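Student: After the structure tokens below, expect a handful of questions from me.
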Amino acid sequence: MALREAERLKVVLNHLDHPSVNIHTSFTSAENVSYHHPVAFKYTLDTDVLSPEQRLAYEENGFILIKNLVSEEDIDRFRNEFERICTRDVKIPGLVIMRDVSIAKSEFVQGEKAVTKLQDFQEDPELFRYCSLPQILKYVECFTGPNIMAMHTMLINKPPDTGKKTSRHPLHQDLHYFPFRPADRIVCAWTAMEKINQQNGCLVVLPGTHKGTLKEHVYPEWEGGVNKMYHGITDYNPNHPRVHLEMEKGDTVLFHPLLIHGSGMNHTEGFRKAISCHYASADCQYIDVKGSTQENISKEVEELARKRLGSETTLTFQDTWVFRGRLVQGDRTSL
Ligand SMILES: CCCC(=O)SCCNC(=O)CCNC(=O)[C@H](O)C(C)(C)COP(=O)(O)OP(=O)(O)OC[C@H]1O[C@@H](n2cnc3c(N)ncnc32)[C@H](O)[C@@H]1OP(=O)(O)O
Ligand SMILES: Nc1ncnc2c1ncn2[C@@H]1O[C@H](COP(=O)(O)OP(=O)(O)OP(=O)(O)O)[C@@H](O)[C@H]1O
Ligand SMILES: O=C(O)CCC(=O)C(=O)O
Ligand SMILES: [Fe+2]
Ligand SMILES: [Mg+2]
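First residue of the sequence shown: 1, per the UniProt record's numbering; consecutive thereafter.
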């Protein structure tokens, strides 16, 4: 009789009290769960950083929340730099300033209020400091190992909803955007830059969905429109438990790229801010997404590159990641 998942994990937890036990071996059946043939972790690596409870929580849920990881002072500096970018006081190469679709397609709004997201701030030393913060990398290493690339950077400024519900981010898996593997060696760090709750559109996660596969993503059929490249999953279990991650300024969630997540409408008058970085092991390998569920996003990205750089551009989906990735720890071995 197979033990239920939770029971198996309890066995793992007991093993952690016995340092002599090798917990690297992978288990395939309940028979392996014994003192002599111990169990391994699939989603986390052996470090002294995560407590056994944190490690099991990530294995089981696909995310962990670390309270108060980034200082108030650092966040205020990121916020200040964000304002300088919005007012065009600084111009950062490669940075994408994204406006909410309902604003972009209607009136002209200037400055910070027009910006829904900054993408690719890797050339901004002040914002990129976020990706190199030692207290974040310490956790990231538990998932990626010691060679760490910062692959994708964002500062999200979720606007007050205009009434069209476009401030929502549909449920998705971040791996949809990434042509590199293995998925288990990729992790996102997402830090609240202020108090974030259901009112202003916190992250919503479907715990445990990181154990599934990459699903098909398409534009949701939303009446009020949807932001460019905000693809969503249509085929998810609507009865799967949802967790609304309410966070304080500085709290940071680390999550697996297959974890299904999104964010709700911002019902407040303020702009809800968060800063994030997707890290990957530098040992990851690029994959060809042709014929896979990722073909639609790869074509869209390549088309946008042609629009920006000229129709003769032959930049591939993979190339766009090679250019953006930055080493933050160890050696740039592959990516
Ligand atoms: C784990 C990863 C998860 C994700 O990354 S999900 C999001 C991924 N997003 C991206 O990579 C960024 C996508 N956005 C962009 O590249 C740019 O914002 C975008 C859409 C090219 C627009 O930038 P610009 O060209 O500088 O803006 P523009 O004001 O000149 O507008 C040009 C045309 O684009 C339209 N537009 C602008 N913002 C939009 C939006 N949010 N959603 C949909 N359409 C949008 C705009 O209306 C205009 O269209 P038209 O040419 O007038 O028909
Ligand atoms: N029709 C939909 N199709 C796909 N995703 C949706 C749809 N409606 C909401 N979502 C997404 O589901 C996630 C959870 O939404 P949910 O309604 O549970 O919370 P919320 O939007 O934060 O709360 P509220 O409804 O109070 O604003 C969000 O990521 C949201 O963008
Ligand atoms: O801050 C948010 O709303 C989440 C954004 C997100 O999940 C993403 O851009 O991949
Ligand atoms: Fe995401
Ligand atoms: Mg909702």
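Quick reminder that beta carbons are idealized off the backbone N, C-alpha and C, glycines included. Keep in mind that this is a model prediction, so the values were computed, not measured.
Determine the burial state of R88: buried for a count of at least 16 other Cβ atoms within 10 Å of its Cβ, exposed for fewer.
Tutor: exposed
Student: Does ligand 4 have a heavy atom nearer than 8 Å to the CB of D174?
Tutor: yes
Student: DSSP state of A189, grouped into three classes?
Tutor: Strand.
Student: Measure the CB-CB distance between I156 and A40 and report whether it falls below 9 Å.
Tutor: no
Student: Give a yes or no on whether the C-beta atoms belonging to G163 and F323 are separated by under 9 Å.
Tutor: no
Student: Rounded to whole angstroms, what's the CA-CA distance from F128 to D283? Just pull it up for me.
Tutor: 22 Å
Student: Tell me, which residues are paired with C277 by DSSP?
Tutor: T153 and A189
Student: For M135, is the classification buried or exposed, using 16 other Cβ atoms within 10 angstroms of its Cβ as the cut-off for buried?
Tutor: For the record, residue 135 in the displayed sequence is Gln; it is not Met. Exposed, because fewer than 16 other Cβ atoms sit within 10 Å of the Cβ of Q135.
Student: Taking the straight line between their C-alpha atoms, what separation do you get for T47 and D161?
Tutor: 42 Å
Student: Using only the heavy atoms of ligand 1, determine whether one of them is closer than 8 Å to the beta carbon of R181.
Tutor: no
Student: Do you know offhand how far P182's Cα is from M229's?
Tutor: 23 Å
Student: Please state the DSSP three-state secondary structure of F128.
Tutor: helix
Student: Could you name the residues of the same chain whose beta carbon sits closer than 6 Å to that of A305, not counting the 5 residues immediately before and after it, in chain order?
Tutor: T313 and L315
Student: When every heavy atom of ligand 6 is checked, does at least one fall within less than 8 Å of the C-beta of G62?
Tutor: In terms of ligand content, the structure shown lacks ligand 6 and carries ligand 1, ligand 2, ligand 3, ligand 4 and ligand 5 instead.
Student: Looking only at its own chain, which residues have a Cβ that is under 6 Å from the Cβ of L50, when we skip the five neighbours before and after it?
Tutor: C142
Student: Determine the DSSP secondary structure at residue 410, reduced to helix, strand or coil.
Tutor: Limits of the chain in this structure are 1 at one end and 335 at the other, which puts residue 410 out of reach.
Student: What's the call for L335, buried or exposed, on a 16-neighbour Cβ count within 10 Å?
Tutor: The residue in question, L335, is buried, as its Cβ has 16 or more Cβ neighbours within 10 Å.
Student: Can you tell me which of T144, Q285, G291 and N237 puts its alpha carbon nearest to the alpha carbon of F178?
Tutor: Q285
Student: Using a threshold of 8 Å, is the CB atom of V204 nearer than that to any non-hydrogen atom of ligand 2?
Tutor: yes
Student: Residues bridged to R99 by DSSP?
Tutor: V115
Student: Might you give, ordered along the chain, the residues of its own chain that have their beta carbon closer than 7 Å to the beta carbon of N61, omitting 5 neighbours on each side?
Tutor: Only P207 and G208 meet the Cβ criterion.
Student: Under the assumption that S281 contacts G145 (Cβ atoms under 8 Å), give the Cβ distance between them as a whole number of angstroms.
Tutor: 5 Å
Student: Rounded to the nearest angstrom, what separates H169 and S263 at their Cα positions?
Tutor: H169 and S263 have their C-alpha atoms some 5 Å from each other.
Student: Pull up the CB-CB distance for I297 and H176, whole angstroms please, since I reckon it's below 8 Å.
Tutor: 6 Å
Student: Please work out which residues of its chain come closer than 7 Å, Cβ to Cβ, to W222, disregarding the five sequence neighbours upstream and downstream, and give them in chain order.
Tutor: K165
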